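Engineer:
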Amino acid sequence: MLKLEKRPQPSRLWTYLTPVVAVVITMIAGGALFALLGKNPVEAIGTIFWEPLFGEFAFYYRPQLLVKGAPLILIAIGLSLGFRAGIWNIGAEGQYIIGALTGAGVGLAFYPMEAWFIFPLMVIAGALGGWAWAMIPALLKVRFGTNEILVSLMLVYVAEQLLAKMSLGLLRNPEGHGFPGSRNLQQYESAHNAEVIAGTGMHWGVLAAFLAVILAYVLLNRHILGYHIRLTGEAPRAARFAGVNPARLILFCLGTAGALAGMAGMFEVSGPSGQVSIDFNVGYGFTAIIVAFLGRLHPIGILFAGLLMALTYIGGEIAQSNLGLPAAAIQMFQGMLLFFLLAVDLLTNFRIRIKTAEAA
Amino acid sequence: MTGTLLTIKGLTKAYPGVVANDDVSFEIREGEVHALLGENGAGKSTLVKMIYGLVKPDSGAMTLRGTPFTPAEPRAARAAGVAMVFQHFSLFDALNVAENIALGMEHPPKMRDLAARIREVSETYGLPLDPYRTVGDLSAGERQRVEIIRCLLQEPKLLIMDEPTSVLTPQEVEILFETLRKLTGEGVAILYISHKLEEIRALCDHATILRLGRNVGTCVPAETSAREMAELMVGSAFEAPERAGRALGDVALDISGLSVKSPSAFGTSLKNIHLTVQQGEILGIGGVAGNGQDELLAVLSGELKTHPDAIRLLGQPVGRLGPTARRELGLLAAPEERLGHAAAPDMSLIENGVLTAAQRENLLNRGFLKWGAARSFAEKVIESFDVRTPGPDNAARSLSGGNLQKFVIGREVLQRPKVLVVNQPTWGVDAAAAAAIRQALLDLAAEGAAIVCISQDLDELMEISDRFGALNEGRLSDIRPAKGLTVEEIGLMMGGAHGMEVSHA
């Protein structure tokens, strides 16, 4: 009989090992899933994990890794602060959309003027937009005790409606022959989030993501505010005893997550995507939740998790076009990753004992 | 006194890293009160859990009335006639007494019949209880009655009671003893767990003493002195704390007209509390659990805020300030709950040192933590207070209760507080650690700090306090000099028998 036994303290080894084990189990279970769909599992897994990095067209896919990973990392870093403190922002997707709208809106307002300050203004506007959207669940929670999970999630759907309204109305390209969607910011130099080094995929959002990783690391490990975030998550009563003001912490965590998600949206709309359109958002805000947990809510972990998740996105697309795997199978594969991570996570705090015959 | 009810032979139970029970044997006769005596961590709880079917022994055997007894679960133990009253009650505040009792039954009768049964049993055994009262409104003593009646409805042959008097006033203890004597008169055996020696001498026929998981002796309490039993229990004589003569200084803490609503629905609101503590003085505050102790600590630590002038620290109004600001001014506190309130279980001792000492020990540089200084501080606490741990990097939850408590008290004491408020400073702590903690409090007072010690351990309060008051339903009794107070007087200050004096008339 298997028996779980609580460890006296969390295992350091397993804290680092669980993500790796989870990835391996996902590969095995995913391979079985692909085999059931009639595909060669080794080839499918190889296509997802190997092709983008070392395959024939890796020169194209490698920069894509950064392009797809950066928004995930940026959003996940913000979310992880709240998650650590037990504040559950599920609405990063909405904050991402609003950030894209406010960022693009500021840029488009200046069109066709060319000036160096336009792009920085757009970054600030994007951050503020996401921040303001996140302040709605934050203030409602602080003032009326509402549940931030529900409010932030519902605001995603409101943001989606706003996005559709904006691409059909206020932000629509006046020279676009009535098609929905804004002007293409890639063709507006002052507002274009161009690659910092051509051909690498390294745009300003990627730099922002790396910076966010470093700042979050310093905040959590060196600053009293980060200490208070961790303390609140681990022992809320002890945090109050230590003098943490819960309301202020909620405003900070939700606000930071919103600002980072808004910035991610802004970098996306002004760079890889280029324009505000009805189907601009592709679920980065939700995938970032997986990334945050896959990275153990640790900044460095999130960096790797974001890149890994980007890899499954890109590899998944290749597998879809080359092997004809259905998109739903790829999504299931990504879901498995979180599922197995949470399952294996048990080993950090518990050890498994095999119990033999019971003594009388 | 007829035959043997329960025989225990060679029971052993090991947990990783610790042997909780090592070859324990003794027997309980029908109709006797058998005491199980030992310090915290001596293995009393594990032993009774084995009898009650909650834990399976690694080896050893039990027989109940001559037949082998191996309860696989509490239900089997109850079916065999073993009932248990736990130290911590498992009652739902929002339900009434009869509903609570019905919840624990496998085939509950109709509510009206059950209520009638409850009335009948409660009258027979002198435990007055209204089956239709909401449990949330009951005192701790009355809640215990609910648990006892729940057991008696099963008509047990053996009743296990785990530290039953820790929640009772001295008067309520008398009533309980009266009930227990009635039960033994009917042939019920009682296994009575306690570390209060005088109680055991007054009530029990036999005592089995456990130390470090072993049975170290059996005695007849009435013929053995409390001192002899204490020495068996502890293994050696230990020093009683010494109190140096102290000169009292100015009033350090002044509480006047303090009324605070409890933040939790079934908490106790504080009502019009007045007290002063001088520098160098220890004020002991007694009372049965749940009479406003947690609220008093919270309102002093700053977790609960109040009117500015209700609390004055050396003349300065602090009632509106939060915990950090109060610490900066020198008002420090150590709450009762070690894990989760005074310390974060999964954080290291270094991080737990930062929890309250960040400001006073200067562990911050413009908001950034000085981990080197934090480590030194944690090491200083560990060394000065003899905290047994491999090092300051270990998580708080890996420490034993006594060691963590020494760390928590040491963390506050080493910050040189002007006023220190502690709640249950030695709860669940072994005798040696408890003596060390009391000595530290006495030393701190000798250096001129004012100390408020909230505790349910009356012996502890009489040992260290200069003056004594008691909380009862959120009100504080008159404060009187501790010297010369009798048990009777203390009991009355704690609220007497809460109007239940007539129950055995």
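For the record, the sequence lines run as chains P and L.
Each number in the working numbering comes from the position in the first sequence (counting from 1) with 1000 added on.
Each number in the working numbering comes from the position in the second sequence (counting from 1) with 278 added on.
We put the beta carbon where it would ideally sit given N, CA and C, even for glycine.
All of these numbers come straight from a predicted model, not from anything done at the bench.
(1) Confirm, please, whether the CB-CB distance from His-312 (chain L) to Ile-468 (chain L) is below 9 Å.
(2) What did DSSP end up calling Ile-1352 (chain P) once you bin it into helix, strand or coil?
(3) Under 8 Å Cβ-Cβ, which residues of chain P neighbour Ala-620 (chain L)?
(4) Does Tyr-1227 (chain P) get closer than 9 Å to chain L when you measure Cβ to Cβ?
(5) Given that Leu-642 (chain L) touches chain P, what residues does it touch there, using C-beta distances under 7 Å?
(6) Name the chain L residues that come within less than 7 Å of Ala-1235 (chain P), Cβ to Cβ?
(7) Among the candidates P:Leu-1231, P:Leu-1053, P:Ala-1035 and P:Ala-1100, whose CA atom is the shortest distance from the CA of Gly-1129 (chain P)?
(8) So, for Arg-689 (chain L): in the same chain, excluding its five sequence neighbours on each side, which residues have a beta-carbon less than 7 Å away from its beta-carbon?
(9) What residue from P:Phe-1083, P:Met-1263, P:Asn-1040 and P:Glu-1189 has the CA that sits closest to Ala-1115 (chain P)'s CA?
(10) List, in chain order, every chain L residue whose beta-carbon is nearer than 8 Å to that of Pro-1010 (chain P).
(11) Would DSSP call Asp-1279 (chain P) helix, strand or coil?
(12) Using a Cβ-Cβ cut-off of 7 Å (strictly less than) and excluding sequence neighbours within five positions of Arg-411 (chain L), which residues of its own chain qualify?
(13) If you draw a straight line from the alpha carbon of Gly-726 (chain L) to that of Gly-608 (chain L), how long is it in whole angstroms?
(14) Closer than 8 Å by beta-carbon distance: list the chain L residues that pair up with Leu-1254 (chain P), in chain order.
(15) Under the three-state reduction of DSSP, which class applies to Cys-497 (chain L): helix, strand or coil?
(16) Can you give me the start and stop residues for the beta strand (DSSP E) that Glu-305 (chain L) sits inside?
(17) Which term fits Gly-565 (chain L), buried or exposed, when burial requires 16 or more other beta carbons within 10 angstroms of its beta carbon?
(18) Would you decide whether Val-451 (chain L) is buried or exposed? Buried here means 16 or more other CB atoms lie within 10 Å of its CB.
(19) Leaving out five residues before and five after Asp-408 (chain L) in sequence, what residues of the same chain have Cβ atoms less than 8 Å from its Cβ?
(20) Given a cut-off of 9 Å, decide if Glu-738 (chain L) and Ala-712 (chain L) are closer than it, judged by their beta-carbon atoms.
(21) When you check each C-beta in the region 572 to 591 of chain L against every C-beta of chain P, which residues fall closer than 8 Å?
(22) Starting from Ile-757 (chain L) and walking both ways along the beta strand (DSSP E), at which residues does that stretch end?
(23) If we ignore side chains and look at the alpha-carbon of each, how far apart do Arg-390 (chain L) and Thr-462 (chain L) end up?
(24) Within its chain, find whatever has a CB closer than 6 Å to the CB of Asp-671 (chain L); leave out the 5 residues flanking it on each side and keep chain order.
(25) Is the Cβ-Cβ distance between Phe-1350 (chain P) and Ile-1025 (chain P) less than 9 Å?
(26) Around the C-beta of Gln-702 (chain L), are 16 or more other C-beta atoms found within 10 angstroms, so that it is buried, or is it exposed?
(27) Who does Asp-440 (chain L) pair with in a DSSP beta bridge?
(28) Does the Cβ-Cβ distance between Leu-719 (chain L) and Ile-729 (chain L) come in under 9 Å?
(29) How many Å lie between Pro-1272 (chain P) and Leu-1066 (chain P) at the Cα?
(30) Got a sec? Which residues, its chain only, sit under 8 Å from Ala-760 (chain L) by beta carbon, not counting five neighbours each side?
(31) Please report the distance separating the alpha-carbon of Leu-284 (chain L) from that of Leu-436 (chain L).
(32) Does DSSP classify Gln-556 (chain L) as helix, strand or coil?
(33) Measure the C-alpha to C-alpha separation of Lys-388 (chain L) and Tyr-1157 (chain P) and round it to an integer number of angstroms.
(34) Under 8 Å Cβ to Cβ from Ala-1029 (chain P), same chain only, skipping five residues before and after it: list those, please.
(35) For Pro-1299 (chain P), would you say it is in contact with chain L, using Cβ-to-Cβ distances shorter than 9 Å as the test?
(36) Who are the neighbours of Thr-253 (chain L) on chain P, taking C-beta pairs under 8 Å?
Structural biologist: Considering the structure as presented:
(1) To locate residue 468 (chain L), count along the second sequence from 1; it is residue 190. To locate residue 312 (chain L), count along the second sequence from 1; it is residue 34. Contact flag set, yes.
(2) If you number the first sequence from 1, residue 1352 (chain P) lands on position 352. DSSP places Ile-1352 (chain P) in strand when its eight states are reduced to three.
(3) By 1-based counting over the second sequence, the position of residue 620 (chain L) is 342. Correct list: Ala-1238 and Phe-1241.
(4) Working through the first sequence from its first residue, we reach residue 1227 (chain P) at position 227. Yes, its Cβ sits closer than 9 Å to a Cβ of chain L.
(5) By 1-based counting over the second sequence, the position of residue 642 (chain L) is 364. Ile-1224, listed in chain order.
(6) Start at 1 with the first residue of the first sequence, and residue 1235 (chain P) comes out as number 235. Those within 7 Å of Ala-1235 (chain P) in chain L are Gly-618, Ala-622 and Pro-623.
(7) Taking the first sequence and counting its residues from 1, the one referred to as residue 1129 (chain P) is at position 129. When only C-alpha atoms are compared, the closest one is P:Ala-1100.
(8) Position 411 of the second sequence holds residue 689 (chain L). The residues are Gly-631, Thr-634, Ala-635 and Val-659.
(9) As a working mapping, residue 1115 (chain P) is identified with position 115 in the first sequence. When only C-alpha atoms are compared, the closest one is P:Glu-1189.
(10) Residue numbering aside, residue 1010 (chain P) sits at position 10 when the first sequence is read from its first letter. Within chain L, the residues near Pro-1010 (chain P) are Asp-624 and Ala-673.
(11) Walking along the first sequence from the start, residue 1279 (chain P) turns up at place 279. Three-state result, Asp-1279 (chain P): coil.
(12) Mapped onto the second sequence, residue 411 (chain L) falls at position 133. These residues qualify, in order along the chain: Asn-374 and Val-375.
(13) The residue labelled residue 726 (chain L) in the question sits at position 448 within the second sequence. The residue labelled residue 608 (chain L) in the question sits at position 330 within the second sequence. So the alpha carbons of these two residues sit roughly 13 Å apart.
(14) Numbered from 1 along the first sequence, position 254 holds the residue referred to as residue 1254 (chain P). Correct list: empty, because the minimum Cβ distance to chain L is about 21 Å.
(15) Taking the second sequence and counting its residues from 1, one reaches residue 497 (chain L) at position 219. Residue state, collapsed to three classes: strand.
(16) The residue labelled residue 305 (chain L) in the question sits at position 27 within the second sequence. Looking at the DSSP string, the run of the beta strand (DSSP E) that includes Glu-305 (chain L) is 296 to 307.
(17) Locating residue 565 (chain L) in the second sequence gives position 287, where the first residue counts as 1. It counts as buried.
(18) As a working note, residue 451 (chain L) is residue 173 in the second sequence. Val-451 (chain L) comes out buried.
(19) Numbered from its first residue, the second sequence carries residue 408 (chain L) at position 130. Within the same chain, Asp-408 (chain L) has close Cβ partners Val-375.
(20) Position 434 of the second sequence holds residue 712 (chain L). Position 460 of the second sequence holds residue 738 (chain L). Contact flag set, yes.
(21) Ser-579, Gly-580 and Glu-581
(22) Counted from its first residue, the second sequence places residue 757 (chain L) at position 479. Unbroken run through Ile-757 (chain L): none, as it is neither H nor E.
(23) On the second sequence, residue 390 (chain L) is found 112 positions in, with the first residue counted as 1. On the second sequence, residue 462 (chain L) is found 184 positions in, with the first residue counted as 1. If you take the alpha carbons of Arg-390 (chain L) and Thr-462 (chain L), they lie about 29 Å apart.
(24) Residue 671 (chain L) sits at position 393 when you count from the first residue of the second sequence. Same-chain partners within the cutoff: Ser-626.
(25) Walking along the first sequence from the start, residue 1350 (chain P) turns up at place 350. Walking along the first sequence from the start, residue 1025 (chain P) turns up at place 25. Taking 9 Å as the Cβ cut-off, Phe-1350 (chain P) and Ile-1025 (chain P) do not qualify as a contacting pair.
(26) Taking the first residue of the second sequence as 1, we reach residue 702 (chain L) at position 424. Buried.
(27) Here residue 440 (chain L) refers to the residue found at position 162 of the second sequence. Beta-bridge pairing links Asp-440 (chain L) to L:Ile-471.
(28) As a first step, residue 719 (chain L) must be located in the second sequence, where it is residue number 441. As a first step, residue 729 (chain L) must be located in the second sequence, where it is residue number 451. In this structure, Ile-729 (chain L) lies closer than 9 Å to Leu-719 (chain L) by Cβ.
(29) Along the first sequence, read from residue 1 onward, the residue named residue 1272 (chain P) stands at position 272. Along the first sequence, read from residue 1 onward, the residue named residue 1066 (chain P) stands at position 66. Answer to the nearest angstrom: the Cα atoms are 11 Å apart.
(30) Taking the first residue of the second sequence as 1, we reach residue 760 (chain L) at position 482. Hits under 8 Å: Gly-562, Leu-739, Met-740, Ser-743, Asp-744, Arg-745 and Phe-746.
(31) On the second sequence, residue 284 (chain L) is found 6 positions in, with the first residue counted as 1. On the second sequence, residue 436 (chain L) is found 158 positions in, with the first residue counted as 1. Each residue's alpha carbon lies about 9 Å from the other.
(32) Position 278 of the second sequence, counted from the first residue, corresponds to residue 556 (chain L). Strand.
(33) The residue you call residue 388 (chain L) lines up with position 110 of the second sequence. The residue you call residue 1157 (chain P) lines up with position 157 of the first sequence. When rounded, the distance between both Cα atoms is 51 Å.
(34) Locating residue 1029 (chain P) in the first sequence gives position 29, counting from the first residue. The answer, listed in chain order, is Met-1336 and Phe-1340.
(35) Residue mapping note: residue 1299 (chain P) aligns to position 299 of the first sequence, counting from 1. So no, Pro-1299 (chain P) is outside the interface.
(36) The displayed coordinates of chain L run from 279 to 783. Any statement about residue 253 (chain L) would go beyond what the structure contains.
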